[in-house]
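Protein chains in written order, with numbering that gives the first Met the number 0: chain D, 0 to 248; chain C, 0 to 229; chain P, 0 to 241. Ideal placement from N, C-alpha and C gives every residue a C-beta, glycine not left out. Below you'll find the structure, written out as structure tokens, and then a few comments.
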Amino acid sequence: MSYNWNWGIFFQLSPDGTYTYWQLLLFGTGWTLATALSAWTIALIMGSFIGVLRTTPSPWLVRLGNAYVELFRNIPLLVQMFLWYFVLPEVVPAAIGDWLKQLSNASFYNAVICLGLYTSARVAEQVKAGILSLRSGQRMAGLAVGLTLPQTYRFVLLPMAFRIILPPLSSEFLNIIKNSSVALTIGLIELTAAARSMQEFSFQVFEAFTGATIIYIVINVVVVSGMQLLERRVAVPGFIGRSPPAAGH
Amino acid sequence: MFSNIDWDVIVRSLPYLFFDGMRFTVILTLLATAGGIVIGTLLALMRLSGIPALALLAGAYVNLIRSMPLVLVIFWFYFLVPYIGQWATGAERPIQVGAFWSVLVTFTLFEAAYFCEIMRAGIQSISHGQAQAAQALGMTYPTAMGYIILPQAFRNMVPVLLTQTIILFQDTSLVYVISVTDFLGAASKIAQRDGRLVEMYLFAAIVYFAISLAASHFVRRLQHRIAIIR
Amino acid sequence: MITMNKVSKWYGKAQVLKNCSAEIAKGEVVVVCGPSGSGKSTLIKCVNGLEPFNEGTIIVDGISIGDPKTSLPKLRARIGMVFQHFELFPHLSVIRNLSLAQIKVLGRDEKAAIENGMRLLDRVGLHEHAEKFPGQLSGGQQQRVAIARALAMDPIAMLFDEPTSALDPEMIQEVLDVMVALAKDGMTMIVVTHEMGFARKVANRVIFMDKGEIVEDAPTADFFGKPRSERAQLFLSKILQH
Chain D
0 MSYNWNWGIF FQLSPDGTYT YWQLLLFGTG WTLATALSAW TIALIMGSFI
50 GVLRTTPSPW LVRLGNAYVE LFRNIPLLVQ MFLWYFVLPE VVPAAIGDWL
100 KQLSNASFYN AVICLGLYTS ARVAEQVKAG ILSLRSGQRM AGLAVGLTLP
150 QTYRFVLLPM AFRIILPPLS SEFLNIIKNS SVALTIGLIE LTAAARSMQE
200 FSFQVFEAFT GATIIYIVIN VVVVSGMQLL ERRVAVPGFI GRSPPAAGH
Chain C
0 MFSNIDWDVI VRSLPYLFFD GMRFTVILTL LATAGGIVIG TLLALMRLSG
50 IPALALLAGA YVNLIRSMPL VLVIFWFYFL VPYIGQWATG AERPIQVGAF
100 WSVLVTFTLF EAAYFCEIMR AGIQSISHGQ AQAAQALGMT YPTAMGYIIL
150 PQAFRNMVPV LLTQTIILFQ DTSLVYVISV TDFLGAASKI AQRDGRLVEM
200 YLFAAIVYFA ISLAASHFVR RLQHRIAIIR
Chain P
0 MITMNKVSKW YGKAQVLKNC SAEIAKGEVV VVCGPSGSGK STLIKCVNGL
50 EPFNEGTIIV DGISIGDPKT SLPKLRARIG MVFQHFELFP HLSVIRNLSL
100 AQIKVLGRDE KAAIENGMRL LDRVGLHEHA EKFPGQLSGG QQQRVAIARA
150 LAMDPIAMLF DEPTSALDPE MIQEVLDVMV ALAKDGMTMI VVTHEMGFAR
200 KVANRVIFMD KGEIVEDAPT ADFFGKPRSE RAQLFLSKIL QH
């Protein structure tokens, strides 16, 4: 192989002279996590709201929720990012557009909102599925004891629905971390972008990308372990492993 | 707000957008799906085989790929494939592989990891009794797999496989990061050449939306029909 | 106390309740029986507004169920319901199952709600299971907790929708015992059930439904002695065999 391996490259200074390459990767990781966590907050809040809408008795609310989900699910994430970053400033009134264009860290804010809304549609799917997997009797029992519909959602349906969807929800969280890499196209220097720029300056292609790969793997392991811990902590005694008595209708 | 819009740019560039861009996207999607399902099924069989070495290898591969962003995988293969070509053909220096082949290898091997998990779920959902019945008739493992288990697993998973294909169709837009011209790349080129970002990106969004929506409705109707038959 | 007048309900084109009328006085125990699909579960769910109905009126303690101005949550707080599949809230402990609605709907403070809950658990014989979760209890125990949960709201009437149908045979008696005690204490009860032994013991009246209509509505002794309709006779002969 005509490739020159140099694992020491991580400790060399990058061309701008202030940081070593592994520090650049670290900053990239920081941006990745910041973007992912901020976007996840938006995704959880909006996604839960839309997911609940799609299970209410009102056909109009259900249709609204469905339209929301279809919109964000059928356009590629990259295209959505371009729409937020390039198209939005042009179609809003000139004053707002100019302000948007000169915003520092614009790529971060755009990435967070875009990623947050994109993922919220997938979270909405999970939340809807979780609520609908509960026996219809649970909703009736909540109402029968005098709780209003919002109270029934809050105290009876959602606590169980969220426990049920913890596994797919943690998959979505991992997805959001991975999808943050798409923001490199609008200038966010997250982990993959940092690795790419390390590769461009140092020509040590495989070291750079191996570094990034290892960091992603570590993040994965930490998140998966964290989720398993969370699942154990919120598990309902006697429920997991033992299905509730008799199939419902 | 919309005073400066030039819709004509879209009309003028339709041939380029679709015959160059969309054609690339569709061919990549179809080939990567086909290859991905084949390799994915193989990986699934390896994971379920009961031979520790195979299961570990396949499992490690799938878990590795699934923990990496697609963008990173695209970069990996973009640089790796020429070296693999050099190693495979014994040449002196890395082989110059065209953008298409590099990207095809990337997406096939990436999606294989996801198709593997789908097929694994599908195979495991076939009741154990089926395998036992096949064994009782004297079938060997390959025969039982090929004629009894896999056909049923495949049929059960068709909706999920199709949904994954729609996801793949959307994911192909990421070839943008290595400047490959797919549908989005074509739209982007026109946008930058003519300074018409708004029109071109909106148009691209609408086209992706229309195709994905139509495809997922088709899959949902297919799901209903399969459910009724069973 | 509960008056149903010509209640009818359609699911699309199918009519599931046809002109049902009945009157239940305070302290009465009424058993509703009939073959599957006769509409008995649907009828009982109309009484506390869990199922809407298309025609007729239902008046509970002077309040009309079908009236859009009626606050259903407030009304439901005064009527207790026990479900076939118990429907305890699995993520809450037994005592919390009992206290939740008392706190959120009746506005009681937590201490009072828990005291009340413990008293009721005692009454149904499950005092020591207060901190357990529903998944850790047997079916019979869960149903008794469900009865306690409904009683915690101090209801004026109790509705039972096939309370023992989902139970293993050896657990049916413990639940029926609780219901018999409740009846003897003077609770107004409407019970949809196949347990004719229970009916004979404590029911004042038996209502027989078939295909959405009330076919017979007679005092217990008359119903079991000489049912007037052929359909009721046929039904009785089938279920009294075992």
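Look at Asn53 (chain P) here: in three-state DSSP terms it is coil, with no helix or strand label. For Gln169 (chain C), the nearest CB of chain D lies under 9 Å from its own CB, placing it at the interface with that chain. Gly137 (chain C) and Ile125 (chain C) have their C-alpha atoms some 19 Å from each other. The Cβ of Ser12 (chain C) sits no closer than 9 Å to any Cβ of chain D. Taken through DSSP and simplified to helix, strand or coil, Lys17 (chain P) comes out as strand.
Arg53 (chain D): not part of any alpha helix (DSSP H); DSSP gives it neither H nor E. Residue environment: Leu158 (chain P) is assigned as buried (16 or more neighbouring CB atoms within 10 Å of its CB, all protein chains considered). With a cutoff of 9 Å on beta-carbon distance, Asn47 (chain P) and Ile78 (chain P) are scored as near each other. Phe234 (chain P): member of the alpha helix (DSSP H) spanning Glu229 to Ile238, first to last residue. Residues of chain D with a Cβ closer than 9 Å to the Cβ of Val177 (chain P) do not exist, since the nearest Cβ in that chain sits about 18 Å away. Residue contact check for Val93 (chain P) against chain D: no CB pair falls below 9 Å.
Residue state for Lys225 (chain P) is assigned as coil, using DSSP reduced to three classes. DSSP places Leu150 (chain P) in the helix class (H, G or I) of the three-state scheme. 9 Å or more divides the Cβ of Leu70 (chain D) from the Cβ of Cys113 (chain D). Residue-level contact check: Leu114 (chain D) does not touch chain P, since none of the beta carbons of chain P fall below 9 Å from its beta carbon.
Taking 8 Å as the cut-off between beta carbons, the residues of the segment 151-163 of chain D near chain P are Phe154, Val155, Pro158, Met159 and Arg162, in sequence order. Between Arg227 (chain P) and Asp108 (chain P), the alpha-carbon positions lie close to 52 Å from each other. Distance from the CA of Thr2 (chain P) to the CA of Ala152 (chain C), rounded to the nearest whole angstrom, comes to 56 Å. For the segment 190-215 of chain D, residues whose beta-carbon sits nearer than 8 Å to a beta-carbon of chain C comprise Thr191, Ala194, Arg195, Gln198, Val204, Phe205, Phe208, Ala211, Thr212 and Tyr215. Its Cα nearest to that of Pro158 (chain C), the residue C:His223 stands out among C:Ile38, C:Ile148, C:His223 and C:Ala52.
At a cut-off of 9 Å between beta-carbon atoms, Tyr207 (chain C) makes contact with chain D.
In the structure shown, the three-state DSSP call for Met159 (chain D) is helix. One finds nothing in chain C with a Cβ atom closer than 8 Å to the Cβ of Tyr67 (chain D); even the nearest lies about 13 Å away.
Excluding five sequence positions before and after Pro88 (chain D), the CB atoms of its chain that fall closer than 6 Å to its own CB belong to Gly96, Leu99 and Lys100, given in chain order.
According to the DSSP assignment, Arg119 (chain C) belongs to no beta strand (DSSP E) but to the alpha helix (DSSP H) extending over Ala98 to Ser124. The beta-carbon distance between Ile43 (chain P) and Ile206 (chain P), rounded to whole angstroms, is 10 Å. This is too long to meet the 8 Å contact definition. For Arg75 (chain P), the enclosing alpha helix (DSSP H) covers residues Leu71 to Arg77. When rounded, the separation of the alpha-carbon atoms in Ala33 (chain C) and Asn219 (chain D) is 28 Å. What Ser106 (chain D) touches in chain C, judged by beta-carbon distance under 7 Å, is nothing: the nearest beta carbon there is about 15 Å away. Here Asp121 (chain P) is exposed, its C-beta having fewer than 16 other C-beta atoms within 10 Å. One Cα belongs to Gln22 (chain D), the other to Leu173 (chain C), and the distance between them is close to 27 Å. Scanning its chain for C-beta atoms nearer than 6 Å, with the 5 sequence neighbours on each side dropped, one finds around Phe23 (chain C) the residues Asp181, in chain order.
Cβ-Cβ distances below 6 Å link Trp83 (chain D) to Asn109 and Cys113 in the same chain, with the five nearest sequence neighbours on each side left out; the list follows chain order.
Against chain D, a Cβ distance below 9 Å from Tyr146 (chain C) picks out nothing, because the smallest value is about 33 Å. For the set P:Thr219, P:Phe132, P:Arg148 and P:Phe88, the Cα lying nearest the Cα of Glu114 (chain P) is the one of P:Arg148. In the three-state scheme derived from DSSP, where H, G and I count as helix and E and B as strand, Asn4 (chain P) is classed as strand.
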